[in-house]
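These protein sequences, in sequence, are chains X and H.
Each residue of the first sequence is one higher than the one before, starting from 8 at the first, in my numbering.
Each residue of the second sequence is one higher than the one before, starting from 51 at the first, in my numbering.
In what follows, a structure is listed as structure tokens, so that the remarks can point back to it.
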Amino acid sequence: MAEGIRDKVVILGMGCTKFGERWESDSEDLAVEAFMECIADAGIEKKEIQAAWLGSHFDEINVGKGGNFLGAALKLPMVPVTRVENFCASGTEAFRGACYGVASGAYDIALALGVEKLKDTGYGGLPDSPAFGQIQAMIGPNATAPGMFAQIGTAYSAAYGVPMEKVKQAMAHISWKSHRNGASNPRAHLRKAIP
Amino acid sequence: MIGIRSYGGYVPRYRLNRMIVFGSMGWINPANMLNAQGEKAVANFDEDPVTMAAAAAADCMSGLDRDLVGGVYFASTTAPYKERLCANLVAGALATREDIRTADFGGGLKAGTTALVAALDAVSAGTAGNVIVSAADNRLGTMGSVQELMFGDGAAALMVGDADVIAEFKGSFSTGHDFVDHFRGGEAKYDRQWEERWIRDEGFGKFVPEAISGLCEKCGVAPGDFAKVVYPCYYGGARKGINKKLGVEPDRVVDNMQAVVGDTGSAHPLLMLVKALEEAAPGDKILLVSYGSGCDALYFEVTDKINDLEPRRGVAGNLARRADLDSYAKYLTWRRMVTVDTGLRSEEQKWTRWSLMWRSHRAMLSLEGNRCTACGTVQFPPQKVCVNPECGAVDQTEPIVLSGNGGRVGSFTSDMLAASINPPAIYGAVDFNGGGRYLFDFTDCTVDDLAVGGPVDFSFRIKHYDRMRDITDYFWKAVPAAEGAE
Numbered sequence: 008m009a010e011g012i013r014d015k016v017v018i019l020g021m022g023c024t025k026f027g028e029r030w031e032s033d034s035e036d037l038a039v040e041a042f043m044e045c046i047a048d049a050g051i052e053k054k055e056i057q058a059a060w061l062g063s064h065f066d067e068i069n070v071g072k073g074g075n076f077l078g079a080a081l082k083l084p085m086v087p088v089t090r091v092e093n094f095c096a097s098g099t100e101a102f103r104g105a106c107y108g109v110a111s112g113a114y115d116i117a118l119a120l121g122v123e124k125l126k127d128t129g130y131g132g133l134p135d136s137p138a139f140g141q142i143q144a145m146i147g148p149n150a151t152a153p154g155m156f157a158q159i160g161t162a163y164s165a166a167y168g169v170p171m172e173k174v175k176q177a178m179a180h181i182s183w184k185s186h187r188n189g190a191s192n193p194r195a196h197l198r199k200a201i202p
Numbered sequence: 051m052i053g054i055r056s057y058g059g060y061v062p063r064y065r066l067n068r069m070i071v072f073g074s075m076g077w078i079n080p081a082n083m084l085n086a087q088g089e090k091a092v093a094n095f096d097e098d099p100v101t102m103a104a105a106a107a108a109d110c111m112s113g114l115d116r117d118l119v120g121g122v123y124f125a126s127t128t129a130p131y132k133e134r135l136c137a138n139l140v141a142g143a144l145a146t147r148e149d150i151r152t153a154d155f156g157g158g159l160k161a162g163t164t165a166l167v168a169a170l171d172a173v174s175a176g177t178a179g180n181v182i183v184s185a186a187d188n189r190l191g192t193m194g195s196v197q198e199l200m201f202g203d204g205a206a207a208l209m210v211g212d213a214d215v216i217a218e219f220k221g222s223f224s225t226g227h228d229f230v231d232h233f234r235g236g237e238a239k240y241d242r243q244w245e246e247r248w249i250r251d252e253g254f255g256k257f258v259p260e261a262i263s264g265l266c267e268k269c270g271v272a273p274g275d276f277a278k279v280v281y282p283c284y285y286g287g288a289r290k291g292i293n294k295k296l297g298v299e300p301d302r303v304v305d306n307m308q309a310v311v312g313d314t315g316s317a318h319p320l321l322m323l324v325k326a327l328e329e330a331a332p333g334d335k336i337l338l339v340s341y342g343s344g345c346d347a348l349y350f351e352v353t354d355k356i357n358d359l360e361p362r363r364g365v366a367g368n369l370a371r372r373a374d375l376d377s378y379a380k381y382l383t384w385r386r387m388v389t390v391d392t393g394l395r396s397e398e399q400k401w402t403r404w405s406l407m408w409r410s411h412r413a414m415l416s417l418e419g420n421r422c423t424a425c426g427t428v429q430f431p432p433q434k435v436c437v438n439p440e441c442g443a444v445d446q447t448e449p450i451v452l453s454g455n456g457g458r459v460g461s462f463t464s465d466m467l468a469a470s471i472n473p474p475a476i477y478g479a480v481d482f483n484g485g486g487r488y489l490f491d492f493t494d495c496t497v498d499d500l501a502v503g504g505p506v507d508f509s510f511r512i513k514h515y516d517r518m519r520d521i522t523d524y525f526w527k528a529v530p531a532a533e534g535a536e
């Protein structure tokens with residue numbers, strides 16, 4: 008009978024880069040930057056890491072396939088590295104993996120690292136690649152992430168009788184809130200509050 | 051009795067006023083002013099002869115069972131493939147059986163009627179039954195040319211059979227002449243033509259009367275016997291001369307729709323025939339003549355079964371849904387005549403994987419999903435595992451074609467970020483009438499034409515053009531329909 012993983016795992020330390028276009032940095036640079044802050048915060052040495060989980064979704068324009076990237080960039084000891092991806096939950100996915108690695112008793116110390124270098128496409132927005140398989144790529148609309156989510160707005164407006172103007176105001180409020188949160192976080196990409 | 055048992059038409063929605071073209075290009079050939087009257091039908095960026103022929107053929111199938119179809123003949127002088135049978139794409143869009151005859155006809159503007167003659171011959175011989183003939187053209191003239199003004203885009207389809215015949219086939223007469231008034235070499239994109247006086251006097255002026263006389267002699271009739279005479283020719287003077295020479299009353303000559311559509315090439319005689327049939331009465335004798343590399347002349351007599359036909363768009367229904375294309379630059383862009391900036395996002399190359407396309411061809415060409423036989427849930431794309439959470443049956447399905455019953459808008463968005471040659475990209479979820487849901491591009495509309503719950507029809511369109519490999523990929527899009535439309 009599964010009993011969950013409560014009280015079996017602690018986070019020893021964390022690191023995080025500044026978010027942004029970071030034109031001067033590759034995924035390797037970003038990974039090293041976050042990693043160095045993390046092991047300093049954890050107070051451990053690299054050689055104590057026994058397994059790693061790498062979260063990166065758009066491998067085709069940054070880290071490539073498999074877990075090679077992390078071992079190579081960080082010069083990890085000879086430990087298993089698992090690359091995971093799950094769209095916007097890729098970081099969570101890496102974290103879950105590392106937690107289960109420790110909670111299962113397989114490892115004492117595991118690393119979870121997420122990295123995404125999205126800005127080498129030459130255009131704004133997420134990279135355009137067949138994210139939902141080959142059939143969808145051939146017959147689905149050439150949709151963008153904002154376009155997919157925007158449909159919720161029109162469907163919601165019709166389902167609940169809320170005028171689109173009010174839906175748009177609510178959506179704008181989310182953005183206003185995000186900008187205000189960014190202004191108080193030195194690592195945020197966008198740091199200007201909207202009045 | 052052998053003859054036509056059904057007909058269909060398709061004219062694209064958009065119209066380019068010829069004075070808009072002349073406004074941009076008249077400086078290069080001011081004499082074109084005379085040709086700059088009325089408007090020409092312009093296929094949308096996602097249309098081509100295959101999609102238009104599919105639409106005309108679907109219209110022709112109104113009220114008919116798709117399993118009836120024993121052959122599909124496609125005719126065009128502007129087919130998008132040199133090798134990949136377009137008739138198979140049209141047949142796929144109709145969701146016909148695949149153990150039928152399919153053939154492409156081309157090479158000259160009489161190809162539409164040549165396909166029709168071949169279909170009539172096959173049905174007469176008993177070697178094929180219920181053959182659909184669908185012709186479409188999307189011809190281009192260089193910027194500033196006469197052809198650019200005179201050509202229009204469109205398609206027409208006929209079903210040839212030996213049951214429920216609405217227009218009995220009485221005979222035909224054909225000529226083949228290597229009279230090169232128009233031509234395109236193997237790699238050419240634009241029509242080339244010789245001096246128009248020569249085309250008018252030595253081409254139309256000689257060959258149309260020759261074909262009509264030949265048919266009349268062969269069938270023992272006179273030109274004046276026909277209630278409706280159909281022949282393509284946009285030279286008004288030549289038409290007058292031909293009518294006079296043959297003794298045909300002007301009110302019996304079917305309007306060539308030059309002012310509202312333009313000349314649709316190999317489709318044009320068939321499109322005019324569809325118009326004639328829409329307005330015909332039982333007993334009418336119809337003379338159909340094509341022109342281009344010679345002529346085919348065909349003689350039909352309308353039966354009283356013409357009054358039993360299911361309603362369809364035909365010509366009148368298509369003309370009624372016209373909308374303005376108010377930009378010459380958009381026309382040039384849609385027709386890939388100019389290089390435009392669609393952004394780096396548009397350069398991400400989809401790769402058409404033929405083994406996958408074949409596996410999924412019923413879903414992609416025929417919009418065929420499946421229905422779970424355990425619980426009745428309809429799903430698209432077809433699924434091995436039933437999507438109904440109460441069911442989950444595995445491999446208990448039967449195919450179901452979803453293209454013909456329309457649907458309703460579930461959600462929509464207008465997206466300026468998505469790569470598109472005709473921005474904004476407008477797409478959303480569509481619920482199929484009868485069950486199932488998928489995401490579709492909306493086309494032939496603006497975002498203001500859409501509302502959640504609004505009705506849509508499905509239309510076979512170019513989904514994607516791979517410029518690097520010269521591959522046109524097809525799929526279905528959704529077009530907002532009038533509430534209560536069929």
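Glycine included, each C-beta is placed from N, C-alpha and C at the ideal position.
The model shown is predicted, which means the values in this text are computed figures rather than measured ones.
What residues in the stretch 478-510 of chain H bring their beta carbon closer than 7 Å to a beta carbon of chain X?
-> GLY478, ALA479, LEU489, PHE490, ASP491, VAL502 and GLY503: these are the residues of the stretch 478-510 of chain H whose beta carbon lies less than 7 Å from some beta carbon of chain X, given in chain order.
Counting contacts by CB-CB distance shorter than 9 Å, is MET518 (chain H) in contact with chain X?
-> The residue given as residue 518 (chain H) occupies position 468 in the second sequence. So no, MET518 (chain H) is outside the interface.
Cα-Cα separation between ILE46 (chain X) and TYR515 (chain H), rounded to whole angstroms | Within the first sequence, numbered from 1, the residue matching residue 46 (chain X) stands at position 39. Within the second sequence, numbered from 1, the residue matching residue 515 (chain H) stands at position 465. Distance between the alpha carbons of ILE46 (chain X) and TYR515 (chain H) is about 50 Å.
Span of the alpha helix (DSSP H), counted from its first residue to its last, around TRP384 (chain H) | Position 334 of the second sequence, counted from the first residue, corresponds to residue 384 (chain H). From DSSP, the alpha helix (DSSP H) with TRP384 (chain H) extends over 378-384.
Which value, in whole angstroms, describes the spacing of the CA atoms of ASN85 (chain H) and MET414 (chain H)?
-> Numbered from its first residue, the second sequence carries residue 85 (chain H) at position 35. Numbered from its first residue, the second sequence carries residue 414 (chain H) at position 364. Roughly 41 Å between the two C-alpha positions.
Same chain, Cβ closer than 7 Å to GLY504 (chain H), neighbours up to 5 away in sequence not counted | Residue mapping note: residue 504 (chain H) aligns to position 454 of the second sequence, counting from 1. Excluding the 5 residues flanking it on each side, GLY504 (chain H) has same chain C-beta neighbours closer than 7 Å at ARG458, VAL459 and PRO530, in chain order.
Is the Cβ of GLY393 (chain H) closer than 9 Å to any Cβ of chain X?
-> Here residue 393 (chain H) corresponds to residue number 343 of the second sequence, with the count starting at 1. Yes, GLY393 (chain H) counts as interfacial toward chain X.
Ordered along the chain, which non-local residues of its own chain (more than five positions away) have a Cβ less than 7 Å from that of PRO578 (chain H)?
-> In the structure as shown, chain H begins at 51 and stops at 536. Residue 578 (chain H) is therefore absent and cannot be evaluated.
Among the residues of its own chain, which have a CB less than 7 Å from the CB of GLY484 (chain H), if the five just before and after it don't count?
-> For the purposes of this step, residue 484 (chain H) is taken as residue 434 along the second sequence, with counting starting at 1. Excluding sequence neighbours, GLY484 (chain H) sits near VAL428 and ASN455.
Name the residue from H:SER509, H:ASP149 and H:TYR488 whose alpha carbon lies nearest to the alpha carbon of ASP494 (chain H).
-> Within the second sequence, residue 494 (chain H) is the residue found at index 444, counting from 1. Closest by alpha carbon: H:SER509.
How is the alpha helix (DSSP H) around LYS325 (chain H) delimited, first residue to last?
-> Taking the first residue of the second sequence as 1, we reach residue 325 (chain H) at position 275. 318-328 is the span of the alpha helix (DSSP H), which, as asked, contains LYS325 (chain H).
Could one say the Cβ of THR402 (chain H) lies closer than 9 Å to chain X's Cβ atoms, at least one of them?
-> The count along the second sequence starts at 1 and reaches residue 402 (chain H) at position 352. Contacts with chain X at 9 Å (Cβ-Cβ) include THR402 (chain H).
What is the C-beta distance between ASP313 (chain H) and PHE201 (chain H), in whole angstroms, given that I count them as a contact (C-beta under 8 Å)?
-> Taking the second sequence and counting its residues from 1, the one referred to as residue 313 (chain H) is at position 263. Taking the second sequence and counting its residues from 1, the one referred to as residue 201 (chain H) is at position 151. Contact flag correct, Cβ pair sits at about 6 Å.
Determine the burial state of LEU394 (chain H): buried for a count of at least 16 other Cβ atoms within 10 Å of its Cβ, exposed for fewer.
-> To locate residue 394 (chain H), count along the second sequence from 1; it is residue 344. Of the residues assessed, LEU394 (chain H) falls on the exposed side of the cut-off, its CB having fewer than 16 other CB atoms within 10 angstroms.
Measure the alpha-carbon distance for GLY129 (chain X) versus GLN143 (chain X) and round it to whole angstroms.
-> What you label residue 129 (chain X) is simply residue 122 of the first sequence in a count that begins at 1. What you label residue 143 (chain X) is simply residue 136 of the first sequence in a count that begins at 1. In a straight line, the C-alpha of GLY129 (chain X) is about 24 Å away from that of GLN143 (chain X).
Going straight from the alpha carbon of LYS380 (chain H) to that of ASP374 (chain H), what length do you get?
-> As a working note, residue 380 (chain H) is residue 330 in the second sequence. As a working note, residue 374 (chain H) is residue 324 in the second sequence. Near 12 Å, if we compare the C-alpha coordinates of ASP374 (chain H) and LYS380 (chain H).
Could you check the C-alpha separation between ILE159 (chain X) and SER461 (chain H) for me, to the nearest Å?
-> Translated into the one-based positions of the first sequence, residue 159 (chain X) becomes position 152. Translated into the one-based positions of the second sequence, residue 461 (chain H) becomes position 411. Between ILE159 (chain X) and SER461 (chain H), the alpha-carbon positions lie close to 7 Å from each other.
Could you tell me whether the Cβ of ILE181 (chain X) comes closer than 9 Å to any Cβ of chain H?
-> As a first step, residue 181 (chain X) is located in the first sequence; it is residue number 174 there, counting from the start. No, ILE181 (chain X) lies away from the interface with chain H (no Cβ there is under 9 Å from its Cβ).
Taking 9 Å as the CB-CB cut-off, is MET155 (chain X) touching chain H?
-> Indexing the first sequence from 1 puts residue 155 (chain X) at position 148. Interface residue, yes.
Should CYS95 (chain X) go down as buried or exposed, given a rule of 16 or more other Cβ atoms within 10 Å for buried?
-> On the first sequence, residue 95 (chain X) is found 88 positions in, with the first residue counted as 1. It counts as exposed.
Please name the residue, chosen from H:THR402, H:ALA501 and H:SER464, that lies closest to GLY140 (chain X) on a Cα-to-Cα basis.
-> Sequence index remark: in the first sequence, residue 140 (chain X) carries index 133 (1-based). Nearest C-alpha to GLY140 (chain X): H:THR402.
Okay, do the stretch 256-264 of chain H and the stretch 340-348 of chain H touch, 3+ Cβ pairs below 8 Å being the bar?
-> The stretch 256-264 of chain H and the stretch 340-348 of chain H touch, with no fewer than 3 CB-CB distances between them shorter than 8 Å.
Opposing strand residues paired with HIS514 (chain H) [DSSP bridges] = Start at 1 with the first residue of the second sequence, and residue 514 (chain H) comes out as number 464. Answer is H:ASP523, bridged to HIS514 (chain H).
According to DSSP, is CYS212 (chain X) helix, strand or coil?
-> Here chain X comprises residues numbered 8 to 202, so residue 212 (chain X) is not present and cannot be evaluated.
Beta strand (DSSP E) segments (min. 3 residues) lying fully within the stretch 169-197 of chain H | Entirely contained in the stretch 169-197 of chain H, the beta strand (DSSP E) runs reaching 3 residues are, in chain order, 181-187.
Assuming ALA108 (chain H) contacts MET102 (chain H) under a Cβ cut-off of 8 Å, what Cβ separation, rounded to an integer in Å, is found between them?
-> The sequence position of residue 108 (chain H) within the second sequence is 58, counting from 1. The sequence position of residue 102 (chain H) within the second sequence is 52, counting from 1. Not confirmed; about 11 Å, so no contact.
Closest residue to GLU67 (chain X) among H:LEU452, H:GLU398 and H:LYS132 (Cα-Cα distance) | For the purposes of this step, residue 67 (chain X) is taken as residue 60 along the first sequence, with counting starting at 1. Selection H:LEU452, H:GLU398 and H:LYS132 evaluated against GLU67 (chain X) yields H:GLU398 as nearest (Cα-Cα).
Sequence-distant residues of its chain with Cβ nearer than 7 Å to PHE42 (chain X) (five each side left out) | As a first step, residue 42 (chain X) is located in the first sequence; it is residue number 35 there, counting from the start. Excluding sequence neighbours, PHE42 (chain X) sits near GLY22, LEU81 and LEU120.
Anything in the stretch 113-138 of chain X with a Cβ closer than 8 Å to a Cβ of chain H? List those residues in chain order, please.
-> Correct list: THR128, GLY129, TYR130, GLY131, GLY132, PRO134, ASP135, SER136 and PRO137.
Report the neighbours of THR463 (chain H) on chain X: residues whose CB is nearer than 7 Å to its CB, in chain order.
-> For the purposes of this step, residue 463 (chain H) is taken as residue 413 along the second sequence, with counting starting at 1. Within chain X, the residues near THR463 (chain H) are GLY154, ALA157, GLN158 and THR161.
Roughly how many angstroms lie between the CA atoms of THR522 (chain H) and PHE76 (chain X), to the nearest whole one?
-> Along the second sequence, read from residue 1 onward, the residue named residue 522 (chain H) stands at position 472. Along the first sequence, read from residue 1 onward, the residue named residue 76 (chain X) stands at position 69. Cα to Cα, THR522 (chain H) sits roughly 37 Å from PHE76 (chain X).
Hey, does LYS199 (chain X) have any beta-carbon neighbour from chain H nearer than 9 Å?
-> Numbered from 1 along the first sequence, position 192 holds the residue referred to as residue 199 (chain X). Answer no: the Cβ-Cβ gap between LYS199 (chain X) and chain H never drops below 9 Å.
Closer than 9 Å at the beta carbon, the chain X residues around SER470 (chain H) | Walking along the second sequence from the start, residue 470 (chain H) turns up at place 420. For SER470 (chain H), the neighbours in chain X by C-beta distance under 9 Å run, in chain order, ASN149.
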